[in-house]
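Each residue of the sequence shown is one higher than the one before, starting from 12 at the first, in the working numbering. Here a beta-carbon is modelled for each residue, glycine too, at the ideal position from N, C-alpha and C. Structure first, commentary second.
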Amino acid sequence: MRGRQRRGVSAYLVVGAVLGAVAGCGTDREAPVETVSVVDQPAPASGEADERNARKAALAAYSGYLAVTQEASGDSDPHHPELTTYLADPLLTRVRFTIRTAKEHGAIRIGTLRSDPVVTAVDLVGVPATVEIQDCLDATDWWLVYAEDERVVPGNQSTRHLATVTVARYPDGRWLVNTGAAHEDQPC
């Protein structure tokens, strides 16, 4: 019976992290200053720069979302403090519900989720501004397991499939992932 209850859980737990933390290294010595000649080039049109910045911010929010969700799923912490750094409703509530449901059934996520996101659309005119991202999520090494002994939850099938998200710019300037869908029936 436990296996049947968890089948629905695995469909929602298709998020996690693939990107490791990159730490900057500093030194106590100042780097030598090098003179560089500047070639006068026309500045990119404001629209191009805005779109480039939106793409970059949205991909950063998406990567953060995957990382913090994997951490929260592994810790069974639906109120992980960093979830609100990258997520907004309705997806925030859905992710918290999924993690809480898994926790109530004694399950966590372990392993690695691989991601290959691509921006498919940018809308800077709409309110709010949005960026659409499509990803080929490889969850074949990311498992829903029982926390007590890390046995794989029966009926848990990790696949490589299409996922889509929308990242929106909020009034405070933050880009947050607010909607998402895992298309497990669409392999990639």
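| Check | Outcome |
| --- | --- |
| Please work out which residues of its chain come closer than 6 Å, Cβ to Cβ, to Pro89, disregarding the five sequence neighbours upstream and downstream, and give them in chain order. | Arg107, Ile110 and Arg111 |
| List the whole-angstrom C-beta distance separating Val142 from Leu155, where the pair is believed to meet the contact cut-off of C-beta under 8 Å. | About 29 Å separates the two Cβ atoms, so there is no contact after all. |
| Would Asp146 be called buried (16 or more neighbouring beta carbons within 10 Å of its own) or exposed? | buried |
| Please report the Cβ distance between Ala2 and Ala118, rounded to the nearest whole angstrom; I am assuming they are in contact, meaning their Cβ atoms lie under 8 Å. | Only positions 12 to 199 of the chain appear in this structure, which leaves residue 2 out of reach. |
| Determine, using beta-carbon pairs with one atom in the segment 170–185 and one in the segment 57–64, whether at least three such pairs fall under 8 Å. | no |
| Taking all protein chains shown into account, decide if Val138 is buried (16 or more other Cβ within 10 angstroms of its Cβ) or exposed. | exposed |
| From which residue to which residue does the alpha helix (DSSP H) around Val136 run? | From DSSP, Val136 is part of no alpha helix (DSSP H); its letter is neither H nor E. |
| Taking the alpha-carbon positions, what's the Ala140 to Asp160 distance? | 45 Å |
| Enumerate in chain order the residues of its own chain whose CB-to-CB distance from Ser126 is below 7 Å, with the five nearest sequence positions on each side excluded. | Val29, Leu77, Asp146 and Leu148 |
| Buried or exposed for Arg162, going by 16 or more other Cβ atoms inside 10 Å? | exposed |
| Put Gly75 into one of helix, strand or coil per three-state DSSP. | helix |
| Can you tell me whether Gln197 is helix, strand or coil according to DSSP? | strand |
| Quick check on Gly75: buried or exposed, where buried means 16 or more other Cβ atoms within 10 Å of its Cβ? | buried |
| Please classify Val164: does DSSP put it in a helix, a strand, or coil? | coil |
| With distances taken from CA atoms, which of Ile144, Thr96, Asp152 and Ala83 is nearest Asp183? | Thr96 |
| Along the chain, where does the alpha helix (DSSP H) containing Thr96 start, and where does it finish? | Leu94 to Tyr97 |
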